[in-house]
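One structure is given here, and the rest of the page talks about it.
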Amino acid sequence: MIAAAGSAAFSWNLVSDLSQMLSYQFMRNAFLAGAIVSVVAGVVGYFVVLRRTAFAAHALSHIGFAGAAGAVLLGVNPVWGLLTFCLGGALAMGSLGQRLRDRDTVIGIVLAFMLGLGVLFIALYSGFSTEAYSILFGEILGISTSDVVLTVVVGAIALAALGAMYRPLLFASVDEEVAEARRVPVRLLSIAFLLTVALAVAVAVQVVGVLLIFSLLVTPAAVAERLTMRPASAMAAAVAVSIACSWLGLAIGYYVSYPVSFFITSLAFLAYALTRAANALARRRRPGRLPPGRPRPEYAGGHPG
Amino acid sequence: MSSPPVTHPDQPAVCAHDLAAGYGESAVWSHATFDVAAGSFVAILGPNGAGKSTLLRQLLGLLRPLAGSLEVLGEPPHRGNPSIGYVPQARTLDPEVAFRGVDLVRLGLDGHRFGFAPPWGSRVARHQAVERAVESVGATGYAGRRLGPMSGGERQRLLLAQALVGEPRLLLLDEPLASLDVANQAAMVELISSVALERRLTVLLVAHDLNPLRNAIDLVCYVANGRVAFGPPDEVVTSEVLSSLYGAPVEVLVDSRGRRFVVGIEEETAHPHRHRTDGGTS
Chain A
0 MIAAAGSAAF
10 SWNLVSDLSQ
20 MLSYQFMRNA
30 FLAGAIVSVV
40 AGVVGYFVVL
50 RRTAFAAHAL
60 SHIGFAGAAG
70 AVLLGVNPVW
80 GLLTFCLGGA
90 LAMGSLGQRL
100 RDRDTVIGIV
110 LAFMLGLGVL
120 FIALYSGFST
130 EAYSILFGEI
140 LGISTSDVVL
150 TVVVGAIALA
160 ALGAMYRPLL
170 FASVDEEVAE
180 ARRVPVRLLS
190 IAFLLTVALA
200 VAVAVQVVGV
210 LLIFSLLVTP
220 AAVAERLTMR
230 PASAMAAAVA
240 VSIACSWLGL
250 AIGYYVSYPV
260 SFFITSLAFL
270 AYALTRAANA
280 LARRRRPGRL
290 PPGRPRPEYA
300 GGHPG
Chain B
0 MSSPPVTHPD
10 QPAVCAHDLA
20 AGYGESAVWS
30 HATFDVAAGS
40 FVAILGPNGA
50 GKSTLLRQLL
60 GLLRPLAGSL
70 EVLGEPPHRG
80 NPSIGYVPQA
90 RTLDPEVAFR
100 GVDLVRLGLD
110 GHRFGFAPPW
120 GSRVARHQAV
130 ERAVESVGAT
140 GYAGRRLGPM
150 SGGERQRLLL
160 AQALVGEPRL
170 LLLDEPLASL
180 DVANQAAMVE
190 LISSVALERR
200 LTVLLVAHDL
210 NPLRNAIDLV
220 CYVANGRVAF
230 GPPDEVVTSE
240 VLSSLYGAPV
250 EVLVDSRGRR
260 FVVGIEEETA
270 HPHRHRTDGG
280 TS
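Residue numbers (numbering that gives the first Met the number 0), protein chains in the order written: chain A, 0 to 304; chain B, 0 to 281.
In structure tokens, the structure reads:
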């Protein structure tokens, strides 16, 4: 695939470049899948960052790896394995409860075991390492039209679920105790949200793979969080950053024969570094405002006298 | 239980009769009988772990009474009662959390509803309700800013605005004065009592210390040693009442400015500063 694309030469006529790129079915699929995954990952990612559940999302992708590898072993489309294992993992994690103190430890232990299981499945599949490679690092150029359809369906379910629980999820994420008193089903929402993350992870793995999942699920939302504080605008910004990274990454990957995943993750990283630097600069220009995270004198002098 | 809520002005806001609270089988406290008249300002005092927040959880319908009866605004307590505004204990909000004060206040209005807010219709009304609540706590100047870096006092005001935005009749505040310095404590008490007066709210406020509140409150609910004493502060926070509550000699000293200091058992149970090694020589 890369070979076919790699032979193309970049001209400064962007319109002809684009039409040439889009003349390939696999490129059209890649752009489409990249966009859908970006929308889902951007919106879900906003809540992942707000709720600080990045580790759970990370773990879900690794649990998904075992599922994908198992599916390959059984000769099924890896996406089904991803979906099954991610959803199962989300249910198990949700049942652990938000407040459990050693939650992260349990998740870490399961994560390691699942990764090991994945390695076994890959080894059993007569040592076909390209499959493992594409699950771990993504293979956006290998997305088929039926994969795109599945991505649309799964993505639509994830977005519909988030739309239905939007306000109470926001409430529970920011202000859990009051939300609980106001009859928001906090516990149920936490499970429902993890299931939604599972769906987002399952579709995003196709694009960037298990190991690079954060570049779409966390980085764009983290960038957006620094650009705007309004929930709706932050979600829109996360989606925009995510689409920009995946499309630009794809376009660069079309001309330069290095993995597309590398370009997508690098662009996402660059976007984050730039917003951080811009924030730091803006803060220096307004010395009246204290940087976030530093307590004000009121805290420092807690005990009078 | 089955009678519909009847509301008239002189109906008590809270009626507790032989109430017991606890988790599982064991009672944290029991035999509490008291009526809170509508419009009163009540301080819930007592040592750590005595079950002050437990009382709030019962009023919110988050915890069932172990025994006895409890009525809130004329009906049994139930979760999600829109007539109750609640501010839980000040949590350590993530300093990096990207959420504005106004959005936090807004959650008090419709955060419990499913789906997202329809972009049509009551949009202006919602915005105005939030604006009013923010204004009533004097937070207009900073409500549009990020929550994380705000001071304890600023955040506490916004949480109060969130509790007020739904136009409640009963306000439950859990340790709103904790983590505030003396000046901010006084300002917060002043704000709460003026808002309560203006909106004719009943306020139940959990606190550690009576003194910052003594000019504002009407009643004290003192929870200690598994029992509850209720009444005007000058009658409850006395050597006699507290000694009989604790079942051990407790002394209440009153200084020339009317401040009351509880000494004796209270010192050890209420202020366990075990981890502080600096001594405090000043």
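Ideal Cβ placement from N, Cα and C applies to all residues, glycine included.
Only a predicted model underlies this, so the values are computations on that prediction, with no experimental measurement involved.
Neighbourhood of residue i by C-beta distance below 6 Å, restricted to the same chain and skipping five residues each side
i: residue 15 (chain A); result: none
i: residue 33 (chain B); result: 15 and 229
i: residue 58 (chain A); result: 106 and 110
i: residue 152 (chain A); result: none
i: residue 116 (chain A); result: 65
i: residue 223 (chain A); result: 233, 236 and 237
Cβ-based burial, residue i [other Cβ within 10 Å; buried from 16]
i: residue 81 (chain B); result: exposed
i: residue 182 (chain B); result: exposed
i: residue 284 (chain A); result: exposed
i: residue 362 (chain A); result: The question about residue 362 (chain A) has no answer, for chain A in this structure spans 0 to 304.
i: residue 192 (chain A); result: buried
i: residue 184 (chain B); result: buried
i: residue 254 (chain B); result: exposed
i: residue 173 (chain B); result: buried
i: residue 123 (chain B); result: exposed
i: residue 28 (chain A); result: buried
i: residue 24 (chain A); result: exposed
i: residue 205 (chain A); result: buried
i: residue 221 (chain B); result: buried
i: residue 53 (chain B); result: buried
i: residue 179 (chain A); result: buried
i: residue 8 (chain A); result: exposed
i: residue 69 (chain A); result: buried
i: residue 138 (chain B); result: buried
i: residue 191 (chain B); result: buried
Boundaries of the beta strand (DSSP E) in which residue i is found, first to last residue
i: residue 217 (chain B); result: Here residue 217 (chain B) belongs to no beta strand (DSSP E), and DSSP marks it neither H nor E.
i: residue 30 (chain B); result: 25-35
i: residue 142 (chain A); result: Taken as a continuous stretch (DSSP letters only), residue 142 (chain A) belongs to no beta strand (DSSP E), as it is neither H nor E.
i: residue 97 (chain B); result: Residue 97 (chain B) -> no beta strand (DSSP E), and no H or E assigned at all.
i: residue 70 (chain B); result: 66-71
i: residue 57 (chain A); result: Run containing residue 57 (chain A): none in the beta strand (DSSP E); it sits in the alpha helix (DSSP H), 53-73.
i: residue 116 (chain B); result: It is not in any beta strand (DSSP E) - residue 116 (chain B) carries neither H nor E in the DSSP assignment.
Other residues of its chain near residue i: CB distance less than 8 Å, five sequence neighbours each side excluded
i: residue 234 (chain B); result: 240
i: residue 66 (chain B); result: 17, 18, 19, 26 and 29
i: residue 259 (chain B); result: 209, 210, 213, 232, 236, 251, 252 and 253
i: residue 55 (chain B); result: 43, 85, 171, 173, 203 and 205
i: residue 208 (chain A); result: 133, 134, 135, 136, 137, 138 and 260
Any C-beta of chain C under 8 Å from that of residue i
i: residue 169 (chain A); result: Here chain C cannot be found, since the structure's protein chains are A and B.
Same chain only: Cβ atoms within 7 Å of residue i, ignoring 5 sequence neighbours per side
i: residue 250 (chain B); result: 238, 262 and 263
i: residue 103 (chain B); result: 146, 157 and 161
i: residue 144 (chain B); result: 99 and 100
N-terminal and C-terminal residue of the alpha helix (DSSP H) that residue i is part of
i: residue 126 (chain B); result: 122-135
i: residue 122 (chain A); result: 102-123
i: residue 197 (chain B); result: 181-198
i: residue 77 (chain B); result: Element bounds for residue 77 (chain B): n/a, residue is neither H nor E.
Inset, instruction - May I ask you to list, following chain order, the residues of the stretch 145-167 of chain A that have a beta carbon less than 7 Å from some beta carbon of chain B? - result: 162, 163, 164, 165, 166 and 167
Legend entry - Residues within the stretch 93-127 of chain B neighbouring chain A, beta-carbon criterion of under 8 Å: 93, 94, 95, 96, 97, 98, 99, 102, 103, 106, 107, 109, 110, 111, 112, 113, 114, 115 and 116
Legend entry - Contact residues within the stretch 61-82 of chain B, judged by C-beta distance below 9 Å to chain A: For the stretch 61-82 of chain B, which is checked against every Cβ of chain A, the residues closer than 9 Å are 61, 77, 78, 79, 80 and 81.
Inset, instruction - May I ask you to verify whether the stretch 254-265 of chain A touches the stretch 42-61 of chain A, counting CB pairs closer than 8 Å and requiring at least 3? - result: By the Cβ criterion, the stretch 254-265 of chain A is not in contact with the stretch 42-61 of chain A, since fewer than three pairs of Cβ atoms, one from each stretch, lie closer than 8 Å.
Legend entry - Cβ-based contacts, 9 Å cut-off: residues of the stretch 203-230 of chain A near chain B: 223, 224, 225, 227, 228, 229 and 230
Legend entry - Cβ-based contacts, 7 Å cut-off: residues of the stretch 180-198 of chain A near chain B: Per Cβ criterion, the list reads 180, 181, 182 and 183.
Inset, instruction - Please list the residues of the stretch 233-247 of chain A that have a C-beta atom closer than 8 Å to any C-beta atom in chain B, keeping them in chain order. - result: For chain B, the residues of the stretch 233-247 of chain A that bring a beta carbon within less than 8 Å of one of its beta carbons are 233, in chain order.
Legend entry - Cβ pair count under 8 Å reaching 3, the stretch 194-202 of chain A against the stretch 32-40 of chain A: yes
Inset, instruction - Report yes or no: do three or more beta-carbon pairs, one from the stretch 191-203 of chain B and one from the stretch 104-114 of chain B, lie closer than 8 Å? - result: Fewer than three pairs of CB atoms, one per stretch, sit closer than 8 Å, so the stretch 191-203 of chain B makes no contact with the stretch 104-114 of chain B.
Legend entry - Contact set between the stretch 47-59 of chain B and chain A, restricted to residues whose Cβ is under 8 Å from the partner: Using a CB distance below 8 Å, the part of the stretch 47-59 of chain B facing chain A consists of 59, ordered along the chain.
Legend entry - Inter-stretch contact at 8 Å, needing at least 3 Cβ pairs: the stretch 170-180 of chain A / the stretch 139-146 of chain A: no
Legend entry - Residues from the stretch 37-49 of chain A in contact with chain B, defined by Cβ distance under 9 Å: Taking 9 Å as the cut-off between beta carbons, the residues of the stretch 37-49 of chain A near chain B are 48 and 49, in sequence order.
Inset, instruction - Give the residues from the stretch 133-145 of chain B that approach chain A closer than 8 Å (Cβ to any Cβ), ordered along the chain. - result: 145
Inset, instruction - With 9 Å as the limit, tell me which residues of the stretch 218-236 of chain B have their beta carbon closer than that to any beta carbon of chain A; keep them in chain order. - result: none
Legend entry - Members of the stretch 195-219 of chain B that neighbour chain A once the beta carbon cut-off is set at 9 Å: none
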